[in-house]
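Trainee: Once you've had a glance at the structure underneath, I'll fire off some questions.
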Amino acid sequence: MRRILLVMAALVLAGSGMHAGVLTVNIILTQPFANANPGDIVPFDATVSAPLTNSGPVYLNADTYNIDNPLSLDDSPFGGFPLFLNPGDAPEQTLFDVIVPAGTPDGLYTGYFEIDGGAGGDVNIYDAYLGSATFNVQVSESASVPEPSTLVLLAAGLTLLALGRRKSA
7 MRRILLVMAA LVLAGSGMHA GVLTVNIILT QPFANANPGD IVPFDATVSA PLTNSGPVYL
67 NADTYNIDNP LSLDDSPFGG FPLFLNPGDA PEQTLFDVIV PAGTPDGLYT GYFEIDGGAG
127 GDVNIYDAYL GSATFNVQVS ESASVPEPST LVLLAAGLTL LALGRRKSA
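Going by this note's numbering, the sequence shown opens with residue 7, and the numbers climb by one from there.
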């Protein structure tokens with residue numbers, strides 16, 4: 007009886023030391039910094055990779071994000087990523103879009119994007135944090151630059167004015 011209890015205790019202790027492998031994803035934004043004008047929609051492309059150290063497929067089920075007001079974020083491009091990634095998978099595409107409303111004051115706006123999901127084939131796991139990335143958007147009202155044809159017309163007009171003055175003098 008004592009031997010059975012010792013064996014059972016050893017199995018319980020051995021089992022408690024084992025845990026499921028930690029699953030993560032790496033989110034690498036192609037350009038984590040963007041310049042924008044009021045009224046722009048700025049796409050952020052990313053490579054979302056599942057490290058080879060993952061113990062199995064990781065399911066990409068949800069996202070969480072935050073961005074400074076008055077900017078907003080459209081996460082619908084995230085829906086184009088695969089539902090799960092096997093270790094070593096690394097798809098690259100647009101992850102989200104940042105919308106800069108008209109009239110947005112100049113300044114630096116920051117945000118983050120997080121992917122949540124899980125493992126074990128349970129596509130209903132939404133709460134497990136998998137990875138995140140931060141990004142910045144510099145908003146500045148661009149000064150209008152005259153088109154080259156406008157400069158040519160201006161030069162021609164000034165030349166004609168100068169020639170007209172010479173003839174009248």
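All C-beta atoms in this analysis are idealised placements derived from N, C-alpha and C, irrespective of residue type, glycine included. Source: prediction; values computed, not measured.
Can you tell me which residues form a DSSP beta bridge with F90?
Mentor: If you number the sequence shown from 1, residue 90 lands on position 84. DSSP lists Y65 as partners of F90.
Trainee: Alpha carbon to alpha carbon, how far is N72 from F102?
Mentor: For this step, residue 72 is matched to residue 66 along the sequence shown. For this step, residue 102 is matched to residue 96 along the sequence shown. Looking at the two C-alpha atoms, the distance is approximately 12 Å.
Trainee: Within its chain, find whatever has a CB closer than 6 Å to the CB of L79; leave out the 5 residues flanking it on each side and keep chain order.
Mentor: As a first step, residue 79 is located in the sequence shown; it is residue number 73 there, counting from the start. So the qualifying residues of the chain are Y71, I73, F102 and V104.
Trainee: Consult DSSP for P38 and reduce its assignment to one of helix, strand or coil.
Mentor: Position 32 of the sequence shown, counted from the first residue, corresponds to residue 38. P38: coil per DSSP, three-state reduction.
Trainee: Would P44 pass as a contact of V106 if the rule is Cβ separation under 7 Å?
Mentor: Numbered from 1 along the sequence shown, position 38 holds the residue referred to as residue 44. Numbered from 1 along the sequence shown, position 100 holds the residue referred to as residue 106. In this structure, V106 lies closer than 7 Å to P44 by Cβ.
Trainee: Roughly how many whole angstroms lie between the Cα atoms of N75 and D112?
Mentor: Taking the sequence shown and counting its residues from 1, one reaches residue 75 at position 69. Taking the sequence shown and counting its residues from 1, one reaches residue 112 at position 106. One C-alpha to the other measures close to 12 Å.
Trainee: How would you call G117, buried or exposed, if buried means at least 16 neighbouring beta carbons within 10 angstroms?
Mentor: Against the sequence shown, residue 117 aligns to sequence position 111. G117 counts as buried, since at least 16 other C-beta atoms from the protein chains shown sit within 10 angstroms of its C-beta.
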